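Read in our numbering, the sequence shown has 366 at position 380, and its numbers run on one by one without any break.
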Amino acid sequence: MKTAVGFPFPQGCTVEGQTANFSVAVPEGQTCELIIYKKGARASAFSQEMPYSDVAGNLHFLSVVLEQPEDYEYCYKIGGKIVPDPYGKAFSGREHWSVSKGKEKRTLRTRIVTDTFDWEKSQFPHLKKEDVIAYSLHVRGFTKHSSSGVAHKGTFDGVTEKLPYLQKLGINQIHLMPVYEFDENQRHVNYWGYGKAYFFAPKASYAAGDPVNEMKSLVRQMHLAGIEVILEMPFTEGTTFSLILDCLRYWVMQYHVDGFIVNPYICNPDELAKDPVLAKSKILKKEDGFQNVMRRFLKGDEGMIRDVICQLKNQDTQLYNYIASHNGFTLCDVVSYDGKHNEANGENNLDGPDYNYSWNCGAEGNSRKKAVNELRKNQIFNAFFLLLFAQGMPCILSGDEFMNTQKGNNNAYCQDNLISWLDWNQLSRQEELYTFVCRLIALRKACMKQIAKKSEDTMGRSGIPQISYHGEDAWQMPAGRASRQLGVFYHEESTEKDFYIAYNMHWLSHSFALPSLPKGMEWVCIAGTKEGVLDEKEAVPVKDKKVQLEERTIKVFVGRQAKE
């Protein structure tokens, strides 16, 4: 094979025509040998020591002419040890999920990748933060269950097959748990994908065919439907900032992803956002503040009103709101279990969060009691109101819209089975909840122009703030710790379209006095825990100055022109 000195940047393997350039960082004083194989062959087809230059620091680099570069794979021999490329773009040897440790495993090799993908007419959606309704999922667990109804279960293609479902639900952004090449074979199965990994390569066992093109196809089809794709990229402690930056740039430029969820303790989101390649990407970080406050409010803890107000108006553009995520209880389990049940993890139930701020509504786990199940359904409806009518980006955990359960396991990191896989049979069993969530998402989209970016410090000509907070009496904030009632008034002077949301998380009913509207206007109830989401024709005008809210219920009112 013909070789040349090559060039140090970018790291990894870069293909131009028939020339493949290899560049890798090597510890000081060690040599590096490039070993090239024909795809699938045991014996190497070529090997040569890679030179370096003082001007390129510890980088060793070499260019090799290959007739069909994509027909080859390679490794490096550094310090006497054969290793894959840390900047590898695809790998062979992990095509099958969780190969038994008792079987012989072929050495992990780095594939040479050429870019021939057709993006067709897809474009980055570039959604405004206030327009985003996100949906978090695990690529394998989303469609692995036999009930998923897709042809390629547990794969990128399987997620793509569920696109019509996502569109009907109304979400416009998906958050994918780690999709890079991690090793699932550890002491316990590494189902979530955290830990050391090859961060540039899509996971081969998540693909029905070629992982590179299949992942790109997933993004392309989501973009054609107006849905953004956000990747969870936690990295690991000790990962250099330069590798992180190179990696995120690569996913944006080669896979057209719309953003990332990063660990702020590993890398600074503000620094990432300064990079010109990432300038239009959404750089997000996960924080449990909204979840914990709203769970406590939901179950009726005292002293929560001021924290609830703070979370309802949180406009930190790097945070997103959620009430359930993969790390912790599903929403169904939040209202079904008082304590965690992680016995299946084999750690004596000592793993996972001890504080879940959950309430089982009167019975631990599955129950046949009608009153218990009605209360649980009621609480789930309330949770979706709390999530979808807060300012900021809401994120739904996949399956929460049809009461998916993990049987009380709040740390299912090692559960590659029915505990973690979505049971799509639940969709037909919980059709009422699913329909409610679809309609509530549509209502949020219709309302958010009046709710987003409002400030209690901004006054209109009428002297009414854009946002104001009320107790049972209008214009009076709840004062006591025992209060579990809150009214939020969103005033829109330019369109004369006002919204009022009344929250009663007490186990007793309470009356709420609605703020007065201008002459000729009236309040109508457009949604509620008991009522669901109403069509305009079904919306009932409020004739009295006060409205009664039953225990543990929420109602949404809109101001409109009074009818004769």
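All C-beta atoms in this analysis are idealised placements derived from N, C-alpha and C, irrespective of residue type, glycine included. Just so we're clear, the structure is a prediction, and the values are computed from it rather than from any experiment.
- Note on geometry: alpha-carbon atoms of E536 and S495 lie some 4 Å from one another.
- In this structure, DSSP gives Q471 an extended state, which the three-state scheme calls strand.
- H312 sits in coil when the DSSP states are folded into three classes, being neither helix nor strand.
- For L152, the closest alpha carbon among the candidates M208, K435 and W83 is that of M208.
- Secondary-structure assignment with DSSP links P380 through a beta bridge to N307.
- Every beta strand (DSSP E) stretch that sits fully inside the segment 141 to 219 and reaches 3 residues is listed by chain position as 159 to 162, 166 to 168, 183 to 188 and 214 to 219.
- The alpha-carbon of G127 is positioned some 33 Å away from that of A27.
- By alpha-carbon distance to F142, the top candidate from G212, V205 and D530 is V205.
- Put simply, the backbone Cα of N342 is about 26 Å away from that of I487.
- If you draw a straight line from the Cα of E19 to the Cα of T(-11), it is about 13 Å long.
- If you ignore the 5 residues before and after M280, its C-beta comes within less than 6 Å of the C-beta of I309 and L372, all in its own chain and listed in chain order.
- DSSP places L20 in the strand class (E or B) of the three-state scheme.
- In the DSSP assignment, I437 falls within the alpha helix (DSSP H) that extends over E417 to I437.
- Of all alpha-carbon atoms in G473, K483 and L234, the one lying nearest the alpha-carbon of P504 is that of K483.
- For K516, the closest C-alpha among the options A432, L404 and F367 is that of F367.
- With at least 16 other beta carbons inside 10 angstroms of its own, Y323 counts as buried.
- By the 16-neighbour rule on beta-carbons within 10 angstroms, Y236 is buried.
- In the three-state scheme derived from DSSP, where H, G and I count as helix and E and B as strand, F485 is classed as strand.
- A direct Cα-to-Cα measurement between C433 and A6 gives close to 53 Å.
- Between the alpha carbons of C61 and A42 lies a distance of about 21 Å.
- Rounded to the nearest whole angstrom, the C-alpha separation of I512 and E522 is 7 Å.
- A contact between stretches requires three or more CB pairs, one per stretch, nearer than 8 Å, and the segment 242 to 252 meets this requirement with the segment 219 to 229.
- Selection K114, F168 and H327 evaluated against A76 yields F168 as nearest (Cα-Cα).
- Beta-carbon to beta-carbon, H138 and E147 are separated by about 7 Å, close enough to satisfy the 8 Å threshold.
- Closest in C-alpha terms to P(-4), from the list E35, P72 and H124, comes P72.
- Between K285 and H327, the C-beta spacing is not below 8 Å.
- Collapsing the DSSP output to three states places Y251 in coil.
- Taking a cut-off of 8 Å on C-beta distances, the segment 397 to 414 touches the segment 330 to 347, as three or more cross pairs fall below it.
- With contacts defined as CB atoms closer than 8 Å, L258 and Y306 fail to qualify as a contacting pair.
- Q240: not part of any beta strand (DSSP E); member of the alpha helix (DSSP H) spanning F227 to Y241, first to last residue.
- Closest in alpha carbon position to S108, among Y420, V263, V243 and G446, is V243.
- For N7, the three-state secondary structure derived from DSSP is strand.
- M(-13) is not bridged by DSSP to any residue.
- For the set P111, F475, H456 and E478, the Cα lying nearest the Cα of S469 is the one of H456.
- Within its own chain, the residues whose Cβ lies closer than 6 Å to the Cβ of G(-8), once the five positions on either side in sequence are excluded, are N7, F47, L48 and S49, listed in chain order.
- Residue environment for G506: exposed (fewer than 16 other C-beta atoms within 10 angstroms of its C-beta).
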